[in-house]
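Basically the numbering used here = 1-based index in the sequence shown + 397. Note that CB positions come from ideal geometry on N, CA and C, so glycine has one too. Since we're looking at a predicted model, the values are computed, not measured.
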Amino acid sequence: VRMCVICRERFPKSELARHAWAADGDAGLVPDSRAVLPGRGHYLCANPACAEKFLKYSGRPRRRRGGSR
398 VRMCVICRER FPKSELARHA WAADGDAGLV PDSRAVLPGR GHYLCANPAC
448 AEKFLKYSGR PRRRRGGSR
């Protein structure tokens, strides 16, 4: 079971499309249907609305706000 990075719903892994960082790093997230690219995969469901939002998705962790402790 994996979670779609856009809608955050859980699906069986076989129903999701995996995307991973390209080897050169400049191309951003690329489809990885064979699940062979290194690193954490980003999974996307088949919902067309999620596919549209995924085009704007960077996949990079956001910077934390707030002061140091």
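Helix, strand or coil for residue i? Go by DSSP, reduced to three states.
i: Y445; result: According to the sequence shown, residue 445 is Pro rather than Tyr. Reduced to three states, the DSSP call for P445 is helix.
Work out the CA separation of residue j and residue i for me, nearest whole Å.
i: Y440; j: W418; result: 12 Å
i: S455; j: D423; result: 12 Å
i: K453; j: A446; result: 12 Å
i: R415; j: L434; result: 10 Å
i: A432; j: A420; result: 13 Å
i: E412; j: A448; result: 14 Å
i: E406; j: N444; result: 11 Å
| Touch check for the region 399 to 409 and the region 420 to 431: three-plus C-beta pairs under 8 Å? | No, the region 399 to 409 does not touch the region 420 to 431.
| task | Report the residue ranges of all beta strand (DSSP E) runs contained in full by the region 399 to 429; include only those spanning at least 3 residues, in chain order. | result | Those beta strand (DSSP E) runs which fall completely within the region 399 to 429 and span 3+ residues are 414 to 418, 426 to 428.
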